[in-house]
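Input: a single structure, listed below in structure tokens.
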Amino acid sequence: MHVILIATQKGGAGKSTLAAHFGALADAEGKTLLIDADPQASLSFWYKRRAAETPILVKAAAENLPSTLDAARADGIAWCIVDSPPHNAPLTASLMSRASVTVIPVRPGPFDLDAARATLDMARSLKAPIACIINAAPPITRESETSIVAEARAYLTQIGAPVLPGQVSQRASLSHALITGQAVTEYDPDSRAAGEIAAMWRAVSDLARAFPARS
């Protein structure tokens, strides 16, 4: 079972948005479980509006997460995507120790970059595989990323953060898809938003397959 943990020490970075879209894409590759461990329950909000019966979603409190992961493995789940709560370092560390890859969404701004550094330091101490995604960024213009994205990428590279190529831009179609309980690859499959999300999922899933199972 591949476990994708989406984590950051700051709220509002777009964890739930990535979890919903990655869950729909993972489900095309194998039996997928979404775990909503964030008290804000944004992922559950999306799931209640979803017409499709898959992927599966469960809500789990911190104390139930280990047994939830054990049950998922026993049930033959291929992909498990965890939307973790912010501001809970002990839980994040525990989940990192079981994740195939920890994905850190980073908005291109100083507060998110500082939070990414804290999460990166935690991952290093645990020797946990990690990847940063530049998320909710200004759209690419003339096939070039904006200066604020380039600066964020340079900072992440400088502190040794593995940052994936490309970005997930702030686009209206992402929100429209979530409101209808869909991923943007279902709602508007030929859009730039769908292309960006699909490219990020390919990169994350390839990383997960490259590392030995930890859960």
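Be aware that the sequence shown starts at 3, since it is given in this note's numbering, and climbs by one per residue.
Beta carbons are placed, not taken as given, at the ideal position from N, Cα and C, and that holds for glycine.
Simplified DSSP state of residue i, which is helix, strand or coil
{"i": "D190", "result": "coil"}
{"i": "S146", "result": "strand"}
{"i": "P107", "result": "strand"}
{"i": "A163", "result": "coil"}
{"i": "N137", "result": "strand"}
{"i": "G25", "result": "helix"}
{"i": "N90", "result": "coil"}
{"i": "E31", "result": "coil"}
{"i": "A156", "result": "helix"}
{"i": "D77", "result": "coil"}
{"i": "M98", "result": "helix"}
{"i": "G197", "result": "helix"}
Which residues DSSP lists as bridging residue i, in chain order
{"i": "W48", "result": "The partner list for W48 (beta bridge, DSSP) is empty, contrary to what the question assumes."}
{"i": "D85", "result": "I8 and D38"}
{"i": "I132", "result": "T104"}
{"i": "S171", "result": "A139"}
{"i": "L59", "result": "L36"}
Cut-off 6 Å between Cβ atoms - residues of its own chain near residue i, not counting five sequence neighbours on either side
{"i": "H4", "result": "W81, S102 and A210"}
{"i": "L20", "result": "I8 and P107"}
{"i": "F213", "result": "S102 and P131"}
{"i": "I83", "result": "I6, A21, F24, G25 and L36"}
Local Cβ density within 10 Å of residue i, reported as buried at 16 or more and exposed below that
{"i": "G13", "result": "exposed"}
{"i": "A179", "result": "buried"}
{"i": "H89", "result": "exposed"}
{"i": "A138", "result": "buried"}
{"i": "I79", "result": "buried"}
{"i": "I161", "result": "exposed"}
{"i": "I181", "result": "exposed"}
{"i": "A125", "result": "buried"}
Straight-line gap, residue i to residue j (C-alpha atoms, nearest Å)
{"i": "L97", "j": "T56", "result": "23 Å"}
{"i": "I8", "j": "V105", "result": "5 Å"}
{"i": "D29", "j": "F113", "result": "33 Å"}
{"i": "L45", "j": "G16", "result": "11 Å"}
{"i": "S146", "j": "I199", "result": "17 Å"}
{"i": "A74", "j": "L59", "result": "11 Å"}
{"i": "E65", "j": "R144", "result": "48 Å"}
{"i": "W48", "j": "Q184", "result": "8 Å"}
{"i": "S149", "j": "M202", "result": "21 Å"}
Own chain, CB closer than 8 Å to residue i, minus 5 neighbours either side, in chain order
{"i": "A62", "result": "I37, D38, A39 and T70"}
{"i": "A133", "result": "V103, T104, V105, I106, P164, V165, L166, A205, V206 and L209"}
The ligand COA heavy atom lying under 7 Å from the CB of residue i
{"i": "S69", "result": "The ligand COA is not among the ligands present in this structure, which contains no ligands whatsoever."}
Cut-off 7 Å between Cβ atoms - residues of its own chain near residue i, not counting five sequence neighbours on either side
{"i": "V186", "result": "H23, S175, L176, A179, S193, A195, A196 and I199"}
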